[in-house]
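Student:
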Amino acid sequence: DAKTTQPNSMESNEEEPVHLPCNHSTISGTDYIHWYRQLPSQGPEYVIHGLTSNVNNRMASLAIAEDRKSSTLILHRATLRDAAVYYCILRSTGNQFYFGTGTSLTVIP
Amino acid sequence: EPEVTQTPSHQVTQMGQEVILRCVPISNHLYFYWYRQILGQKVEFLVSFYNNEISEKSEIFDDQFSVERPDGSNFTLKIRSTKLEDSAMYFCASSEGGRRGETQYFGPGTRLLVL
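Sequence lines, in order, name chains Z and P. Just so we're on the same page, the working numbering is the position in the first sequence counted from 1, plus 37. Just so we're on the same page, the working numbering is the position in the second sequence counted from 1, plus 931.
Rendered as structure tokens:
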């Protein structure tokens, strides 16, 4: 699977928007971009995914660059409950997700 | 909202003992997975299961591991003879299909400690 690069950590103030970047310069045309998050001592939780177009759901928005070599997860109003490790994952062949080290998001009250 | 459940939440065992970790996937899902996460490390894929057989497995999933769907609802991971290095969180996941756009839904995990 193609590799993704994310910052190790980010901070945000509560109730502010958060933009979590992900670079995936070797993405292929059929790779889906998935975002998961993992709260402390919990299983990974699905956030959002997309292929080419920007996507919105009740949790977040996903902005995908026109060349698809990067994407940004947008949390519109960070809450304390959003403090987690966020994983950007490319899904190509096979059944498995390859989790990297993700971005650890700290939300400051 | 349907969710994946796992039992037990915690398991402590002696080295060399067999353990069985249980999962109930979401009811209309057809693909099932096990992942593990050693403390402080990445989430790692172990195995995927579809149509009553293993569809994919990683190098971690050696002969000590096996999976089974013993009935219409449970999906189990067995470790035959546990080692200290098997201590980890084990996550079960399920998905409706196996395509690249499919979402995998994860359970809360079983924390296994091998002494």
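Every residue, glycine too, gets a C-beta built ideally from N, C-alpha and C.
What are the residues in the segment 1009-1033 of chain P lying within 9 Å of chain Z by C-beta distance?
Tutor: Met1020, Phe1022, Cys1023, Ala1024, Ser1026, Gly1029, Arg1030, Arg1031, Gly1032, Glu1033
Student: Who pairs with P:Lys973 in a beta bridge, going by DSSP?
Tutor: Taking the first residue of the second sequence as 1, we reach residue 973 of chain P at position 42. BP columns for P:Lys973 are empty, so no partner.
Student: Helix, strand or coil for P:Glu1016 per DSSP?
Tutor: Here the question's residue 1016 of chain P lines up with position 85 in the second sequence. Note: P:Glu1016 maps to helix in three-state DSSP.
Student: Once DSSP output is grouped into helix, strand and coil, what is the label at Z:Arg105?
Tutor: For this step, residue 105 of chain Z is matched to residue 68 along the first sequence. If DSSP states are grouped into helix, strand and coil, Z:Arg105 belongs with coil.
Student: Name the chain P residues whose beta carbon is nearer than 7 Å to that of Z:Gly66?
Tutor: For the purposes of this step, residue 66 of chain Z is taken as the residue at position 29 of the first sequence. Per Cβ cutoff of 7 Å: no residues; Z:Gly66 is ~11 Å from chain P at best.
Student: Residues of the segment 984-1010 of chain P with a CB closer than 8 Å to any CB of chain Z: list them in chain order, please.
Tutor: Along the segment 984-1010 of chain P, the positions whose C-beta sits under 8 Å from a C-beta of chain Z are Ser986, Glu987, Ser989, read in chain order.
Student: Give the interface partners of Z:Gln43 over in chain P, defined as CB-CB distance under 7 Å, in chain order.
Tutor: Translated into the one-based positions of the first sequence, residue 43 of chain Z becomes position 6. The premise fails here: Z:Gln43 is roughly 12 Å from chain P at the closest Cβ pair, so nothing lies under 7 Å.
Student: Counting C-beta neighbours from all protein chains within 10 Å, is the total for Z:His86 16 or more, i.e. buried, or is it exposed?
Tutor: The sequence position of residue 86 of chain Z within the first sequence is 49, counting from 1. So Z:His86 counts as buried.
Student: Please list, in chain order, the residues of the segment 85-114 of chain Z that have any C-beta partner in chain P closer than 8 Å.
Tutor: His86, Leu88
Student: Look at the Cβ atom of P:Ser1012, then the Cβ atom of P:Glu949, and state whether they are nearer than 8 Å.
Tutor: Stepping through the second sequence from its first residue, residue 1012 of chain P is reached at position 81. Stepping through the second sequence from its first residue, residue 949 of chain P is reached at position 18. Taking 8 Å as the Cβ cut-off, P:Ser1012 and P:Glu949 qualify as a contacting pair.
Student: In terms of residue numbering, what span does the beta strand (DSSP E) encompassing P:Leu1044 cover?
Tutor: In the second sequence, residue 1044 of chain P corresponds to position 113, counting from 1. Run containing P:Leu1044: 1041-1045, per the beta strand (DSSP E) assignment.
Student: Should P:Leu1043 and P:Gln942 be called a contact, given that it needs their Cβ atoms to be closer than 8 Å?
Tutor: Along the second sequence, one-based indexing puts residue 1043 of chain P at 112. Along the second sequence, one-based indexing puts residue 942 of chain P at 11. In contact: P:Leu1043 and P:Gln942 (Cβ atoms closer than 8 Å).
Student: Against Z:Cys46, what residues of chain P qualify as contacts under a CB-to-CB distance less than 9 Å, listed in chain order?
Tutor: As a working mapping, residue 46 of chain Z is identified with position 9 in the first sequence. Per the sequence shown, residue 46 of chain Z should be read as Ser rather than Cys. Here the premise fails: no neighbours, minimum Cβ distance about 15 Å.
Student: Once DSSP output is grouped into helix, strand and coil, what is the label at P:Arg1011?
Tutor: One-based indexing of the second sequence puts residue 1011 of chain P at position 80. In the structure shown, P:Arg1011 sits in coil (DSSP, three-state: anything other than H, G, I, E or B).
Student: Beta-carbon of Z:Thr206 versus every beta-carbon of chain P: anything under 8 Å?
Tutor: Examination of residue 206 of chain Z is not possible in this model, given that chain Z is present from 38 through 146 alone.
Student: Once you ignore the five residues that flank P:Asp1017 on each side, which residues in its own chain have a CB closer than 7 Å to its CB?
Tutor: The residue given as residue 1017 of chain P occupies position 86 in the second sequence. So the list reads Ile1010, Leu1043, Val1045, once near-sequence residues are dropped.
Student: Between Z:Glu53 and chain P, is any beta-carbon pair separated by less than 8 Å?
Tutor: Stepping through the first sequence from its first residue, residue 53 of chain Z is reached at position 16. Taking Cβ atoms only, chain P never reaches closer than 8 Å to Z:Glu53, which makes this a no.
Student: What in chain P is Cβ-close to Z:Arg128, meaning under 7 Å?
Tutor: Start at 1 with the first residue of the first sequence, and residue 128 of chain Z comes out as number 91. Within 7 Å Cβ-Cβ: Arg1031.
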